[in-house]
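Before any comments, here is the structure.
Number of protein chains: 2
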Amino acid sequence: MSFLDHIRRCNNADLSQFESWFIGQERAGFLHRDFAADVVGKSGLFTRRENGWHLDPGLDTPAKRTAAMRAFLLTLRGRGYFKGLWREEEYAVAPHDGTPMLMAMERSAVPWFGVRAGGPHMTGFVRRADGLHIWVPRRSYEKPTFPGQLDNTVAGGQPAGLGLHENLVKECGEEASIPPQLAKQAKAVSVVAYWNQSGQQLKPDVMTCFDLELPEEFTPRANDGEVHSFELWPVQRVFETVRDTEEFKYNCNLVLIDFFVRHGLLSADDPDFVPIVQGLRMMYTPMSGIG
Amino acid sequence: MSFLDHIRRCNNADLSQFESWFIGQERAGFLHRDFAADVVGKSGLFTRRENGWHLDPGLDTPAKRTAAMRAFLLTLRGRGYFKGLWREEEYAVAPHDGTPMLMAMERSAVPWFGVRAGGPHMTGFVRRADGLHIWVPRRSYEKPTFPGQLDNTVAGGQPAGLGLHENLVKECGEEASIPPQLAKQAKAVSVVAYWNQSGQQLKPDVMTCFDLELPEEFTPRANDGEVHSFELWPVQRVFETVRDTEEFKYNCNLVLIDFFVRHGLLSADDPDFVPIVQGLRMMYTPMSGIG
């Protein structure tokens, strides 16, 4: 592995296998061609036009769209989709940041509809006399996804209707027993984005990176069963583990590489410097068609 | 102005007005259609094929290309191009980072050939008891470009054949009298990229951002006539000056906005957060065609 290998591994999507779907004029996400033809096209909720699939315009409010799609998703669930991953947790479908939500969608269905998701990913670090250290959790061996892998200090999906910082404070308490007054000091410092494909599912995801400098005497503690254990590692050990192994959950590597860049651990004269920094933000909608 | 306005102002290029030019299989840059048809096409050095303009393949070494192009550029100079900006300073023409230079080109001609340029842009800051401060230089009123505007603490174009960090250390001495042992502590922490058009000229530039924490007792001092004066500003004053005015040279605003993001001065719940962070890196070659 190398840092660029992790970026390539996250950005494994072949967009030629996907078609856009729209709510009104707004692109809401992407459907795999086979899933669109075999499943979505037969739902009665979508019609195919030249540029992609269009949700029934009669569903003219977020509430109506959410309800109609939920009914459809429940029939899919009955047919074996989403397996044990159905969570009764709603994500927002919104085409661009800052625009109002177009509808909400059950979290486990989001990658089937190629809807952009994301959430806060926080690196909790300590400045010790002997250098920078990072609190590294190991995911619970009971988790349905990526059991036992290493993770970002605190991370979570972003439920509809909650602020990013608010969500992070909540996750800090649940996952690491970080009290709110400490968690509130976390700073949003970057964005990491990638296009990950798994079979017919697509994640065009955008993670918001937070840094939190923790006092030396504070020890995070697993609280909700999501985390098996926390260890404080010297940053160089994290650096080498990311660079050389796949021990971290795939997208958490990118958040840590972004941390290494921002904290000056890479050299500008490394020929991979620009490709790495560039590769951390493969974005959803290039501005004004440039690039 | 707003942060997004500065990003839009830097990314004002209409790429439909430009055609690619190639050295072998590699895209070396972009030519404005009118400049290509009226000037470059008549040089005898380029031939037009379906996908753009191709430099004479008989020029089969970097040295031959550099010499032939220099002779052509000198004839253009004789016809009034480049005005007082000709510098006898060579930039590298290289399609991707990490690949060898394909040729060198006089700096003042680079935007006429839409060749990616860049260089180190450093923010020199001080952590004082009363908060973060930034050393802000005002450009000399004698400079041919952007006289009297505010600038990044130290910044410079990247001459061919010099390392980025090496160049930064040199510029730190020349522009701000920062001694080498201090300048060497600067850390490469980000990349800012934009597509700026000025008439027939295109800058698809990539700046490498460095941070240097300076000791409170150090005062930068103009050394080579490029800088009129330095002032130490509280970060909030820099923040507001960037946000609300055009006092900084256009591309320096982006380096400072990147600094504000990395140092946690923006909120993740600002609806502009992702568009701003995304907008700071409009890149040359999207990886694997995604995005």
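So the sequence lines, in the order shown, correspond to chains A and B.
Here the first sequence stands for residues 9 to 299, where the numbers follow our numbering.
Here the second sequence stands for residues 9 to 299, where the numbers follow our numbering.
Heads up, the beta-carbon is just placed ideally off N, CA and C, and yes, glycines get one too.
Selection from the options that minimises the alpha carbon distance to residue i
{"i": "A:Arg289", "options": "B:Val199, B:Asn160, B:Arg147", "result": "B:Val199"}
{"i": "A:Ala36", "options": "A:Pro70, A:Lys192, A:Asp22, A:Gly287", "result": "A:Pro70"}
{"i": "B:Ser206", "options": "B:Ala21, B:Ile15, B:Asp13", "result": "B:Ala21"}
{"i": "A:Leu176", "options": "A:Pro128, A:Leu140, A:Pro152", "result": "A:Pro128"}
{"i": "B:Gly165", "options": "B:Glu34, B:Cys260, B:Leu23, B:His62", "result": "B:Cys260"}
{"i": "A:Ala163", "options": "A:Glu98, A:Ala191, A:Glu150, A:Gly139", "result": "A:Ala191"}
{"i": "A:Gly169", "options": "B:Phe54, B:Asp42, B:Asp277", "result": "B:Asp277"}
{"i": "A:Leu4", "options": "A:Ile186, A:Thr107, A:Gln244", "result": "No statement about residue 4 of chain A is possible, as the shown extent of chain A runs from 9 to 299 and does not include it."}
{"i": "A:Lys151", "options": "A:Ser10, A:Arg87, A:Leu93", "result": "A:Leu93"}
{"i": "B:Pro167", "options": "B:Phe281, B:Ser116, B:Leu274, B:Arg87", "result": "B:Ser116"}
{"i": "B:Phe121", "options": "B:Ser10, B:Glu254, B:Val269, B:Phe43", "result": "B:Phe43"}
Reduced DSSP secondary structure (H/G/I, E/B, other) of residue i
{"i": "B:Thr7", "result": "Outside the shown range of chain B, which is 9 to 299, sits residue 7 of chain B, and nothing can be said about it."}
{"i": "A:Ala79", "result": "helix"}
{"i": "B:Gly299", "result": "Because the pLDDT of B:Gly299 is 27, which lies under 50, any placement of that residue in the model is unreliable, and the number read from its coordinates should be weighed accordingly. B:Gly299: coil per DSSP, three-state reduction."}
{"i": "A:Arg229", "result": "coil"}
{"i": "A:Phe154", "result": "coil"}
{"i": "B:Gly86", "result": "helix"}
{"i": "A:Glu183", "result": "helix"}
{"i": "B:Ser116", "result": "helix"}
{"i": "B:Gln193", "result": "coil"}
{"i": "B:Asn175", "result": "helix"}
{"i": "A:Ala44", "result": "helix"}
{"i": "A:Gly126", "result": "strand"}
{"i": "B:Arg95", "result": "coil"}
{"i": "B:Val285", "result": "helix"}
{"i": "A:Thr253", "result": "coil"}
{"i": "B:Gly37", "result": "strand"}
{"i": "B:Pro294", "result": "For B:Pro294, the pLDDT reaches just 36, beneath the cut-off of 50, and the residue's location in the model is therefore unreliable, although a value from the coordinates is still provided. Coil."}
{"i": "A:Glu58", "result": "coil"}
{"i": "A:Asn261", "result": "helix"}
{"i": "B:Pro188", "result": "helix"}
{"i": "B:Ser24", "result": "helix"}
{"i": "B:His271", "result": "coil"}
{"i": "A:Gly49", "result": "helix"}
Backbone CA spacing between residue i and residue j [nearest angstrom]
{"i": "A:Phe133", "j": "B:Phe30", "result": "46 Å"}
{"i": "B:Asp68", "j": "B:Met109", "result": "13 Å"}
{"i": "A:Asn59", "j": "B:Ala100", "result": "42 Å"}
{"i": "A:Leu84", "j": "A:Leu39", "result": "15 Å"}
{"i": "B:Ser51", "j": "B:Phe80", "result": "7 Å"}
{"i": "B:Gly156", "j": "B:Val250", "result": "16 Å"}
{"i": "A:Gln286", "j": "B:Ala125", "result": "16 Å"}
{"i": "A:Pro145", "j": "B:Leu264", "result": "33 Å"}
{"i": "B:Gln189", "j": "A:Arg135", "result": "23 Å"}
{"i": "B:Pro283", "j": "A:Phe267", "result": "20 Å"}
{"i": "B:Thr161", "j": "B:Leu240", "result": "10 Å"}
{"i": "B:Ala76", "j": "A:Phe26", "result": "47 Å"}
{"i": "B:Gln193", "j": "B:Ala230", "result": "20 Å"}
{"i": "A:Asp46", "j": "B:Leu53", "result": "55 Å"}
{"i": "A:Trp143", "j": "A:Glu96", "result": "30 Å"}
{"i": "A:Cys217", "j": "A:Leu262", "result": "10 Å"}
{"i": "A:Val102", "j": "A:Val48", "result": "Looking at the sequence itself, residue 102 of chain A is Ala, so the reference to Val does not match. Each residue's alpha carbon lies about 20 Å from the other."}
{"i": "B:Ala137", "j": "A:Pro242", "result": "28 Å"}
{"i": "A:Ser24", "j": "A:Arg41", "result": "9 Å"}
{"i": "B:Ala300", "j": "A:Trp203", "result": "The shown model of chain B, from 9 to 299, leaves out residue 300 of chain B, and the question about it has no answer."}
{"i": "B:Arg17", "j": "B:Tyr258", "result": "8 Å"}
{"i": "A:His62", "j": "A:Gln33", "result": "9 Å"}
{"i": "B:Asp13", "j": "B:Thr107", "result": "34 Å"}
{"i": "B:Lys211", "j": "B:Phe90", "result": "15 Å"}
Any chain B beta carbon closer than 9 Å to residue i
{"i": "A:Glu174", "result": "yes"}
{"i": "A:Lys211", "result": "no"}
{"i": "A:Gly49", "result": "no"}
{"i": "A:Gln286", "result": "yes"}
{"i": "A:Phe54", "result": "no"}
{"i": "A:Val134", "result": "no"}
{"i": "A:Ala191", "result": "no"}
{"i": "A:Thr216", "result": "yes"}
Integer Cβ distance of residue i from residue j, believed to fall under 8 Å
{"i": "A:His271", "j": "A:Ser148", "result": "A:His271 to A:Ser148, Cβ: 28 Å. No contact."}
{"i": "A:Met111", "j": "A:Leu220", "result": "With 8 Å as the limit, A:Met111 and A:Leu220 do not qualify as a contact, their Cβ atoms being about 33 Å apart."}
{"i": "B:Asp232", "j": "B:Glu183", "result": "6 Å"}
Residue-level contact to chain A via CB, residue i, 9 Å cutoff
{"i": "B:Val269", "result": "yes"}
{"i": "B:Leu262", "result": "no"}
{"i": "B:Asp232", "result": "no"}
{"i": "B:Ser206", "result": "no"}
{"i": "B:Arg289", "result": "yes"}
{"i": "B:His14", "result": "no"}
{"i": "B:Ser198", "result": "yes"}
{"i": "B:Ala276", "result": "yes"}
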